[in-house]
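Undergrad: Let me begin by handing over the structure; questions about it come next.
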Amino acid sequence: MSMIEFHGVQKYYGKFHALRDIDLTINKGETVVLIGPSGSGKSTLVRTVNGLEDIQEGKLVVNGHDLSNPKTNINILRKDVGMVFQHFYLYQNKNVLENVMLAPRIVLKLNEEENKKRAAEMLNMVGLVGKEKNMPSQISGGQAQRVAIARSLAMKPKCMLFDEPTSALDPEMIDDVLQVIKKVAEQGDMTSLIVTHEMGFAKEVADRVIFMDDGKILEDTDSKSFFENPQNERAKKFLSKIISH
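Per the numbering used here, the very first residue in the sequence shown carries number 2; after that it's consecutive.
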């Protein structure tokens with residue numbers, strides 16, 4: 002059963018054609034990794050899934066919500082779709098626990114007892130037990146990104162989007178965050194769409210790999226086939242450069 006469907010999607014920034022003829026279906030429970038050179042359209046594609054970027058042509062349906070229909074209530078869609086960005090965007094005046102509790106309190110109207118219990122469970126999942134009362138300025142960048150993941154998970158989304166979640170981190174913090182994302186992706190009913198430059202992680206976690214360049218999907222295949230025997234010449238060149246470094 003599909004979670005995300007792109008049908009002939011086009012996206013422009015003025016005259017710049019950012020997404021070209023995107024046809025893509027992601028099924029419920031799948032973990033799909035988007036890779037490709039910088040500027041290839043990966044982040045733009047992910048940001049259309051929760052309406053952060055609109056589309057100019059085609060049809061985009063996410064969990065039954067038609068984003069190409071201007072009457073669609075984007076806020077209802079966003080209850081089902083969590084997103085983790087490159088930067089953490091934590092509220093600096095609230096502690097870790099409050100950062101995780103805020104959206105469920107406002108959006109889901111969750112009662113305080115249930116909200117606190119859920120937030121504690123999410124912080125446990127991302128390995129931050131004991132950091133509940135810390136302010137964002139008192140934790141590392143890697144820990145802040147894990148708070149951001151816990152915050153998204155506290156909304157109990159059906160789909161998680163990760164837009165280069167480790168690109169702003171120091172190298173020694175990256176693995177802890179990737180392990181948390183892997184744990185999220187391995188939840189059987191969670192659909193995950195991940196933009197990353199971490200090839201080892203992509204190989205390990207992806208059910209499918211989508212390779213993009215120049216706003217187009219050039220390859221869409223299972224992880225093993227992509228990394229061992231890519232079919233597209235641009236993908237072969239990209240991989241050879243990545244692996245040789």
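All residues carry an ideal CB built from backbone N, CA and C; glycine is no exception.
(1) May I have the straight-line CA-CA distance separating D208 from T26, to the nearest angstrom?
(2) Let me know if V50 comes out buried or exposed under the rule of 16 or more other beta-carbons within 10 Å of its beta-carbon.
(3) Tell me the rounded alpha-carbon separation between R106 and F228.
(4) Looking at C-alpha atoms only, which residue of P137, A203, G189, L240 is the closest neighbour of D214?
(5) Would DSSP call T167 helix, strand or coil?
(6) Cα-Cα, which of M2, S44, H8, G15 is closest to G216?
(7) Relative to the C-alpha of Q11, which residue among I56, S3, I36, K29 is closest?
(8) DSSP beta-bridge partners for K60?
(9) Could you give the DSSP three-state label for G227: helix, strand or coil?
(10) Let me make sure I understand the geometry here. Which of L219, K237, E234 has the alpha-carbon closest to that of L20?
(11) Beta carbon of Q87, beta carbon of P166: below 9 Å?
(12) What did DSSP end up calling S3 once you bin it into helix, strand or coil?
(13) Going by the beta-carbon positions, is the gap between G189 and G30 smaller than 9 Å?
(14) Compare the C-alpha of E173 against each of G142, L124, S153, K16 and name the closest.
(15) Taking the alpha carbon of L179 as the point to measure from, which residue in T192, A155, E205 has its own alpha carbon closest?
(16) Just verifying my parser: in three-state terms, what is the DSSP assignment at N28?
(17) Just to check, is the beta-carbon of I140 closer than 8 Å to a non-hydrogen atom of the ligand SAM?
(18) In whole angstroms, what is the alpha-carbon distance linking I140 and A149?
(19) Between which two residues does the alpha helix (DSSP H) harbouring M123 extend?
(20) Within this structure, are the beta carbons of R48 and A104 separated by less than 9 Å?
TA: Reading off the structure:
(1) 13 Å
(2) buried
(3) 43 Å
(4) L240
(5) Note: T167 maps to coil in three-state DSSP.
(6) S44
(7) Relative to Q11, the option among I56, S3, I36, K29 whose CA is nearest is I56.
(8) In the DSSP output, where bridge partners are listed per residue, K60 has H8.
(9) One point to set straight first is that residue 227 is Phe, not Gly, in the sequence displayed. Correct three-state label for F227: helix.
(10) L219
(11) yes
(12) strand
(13) yes
(14) G142
(15) E205
(16) strand
(17) The ligand SAM is not part of this structure, which contains no ligands at all.
(18) 12 Å
(19) 113-126
(20) Taking 9 Å as the cut-off, the beta carbon of R48 is found no closer than this to the beta carbon of A104.
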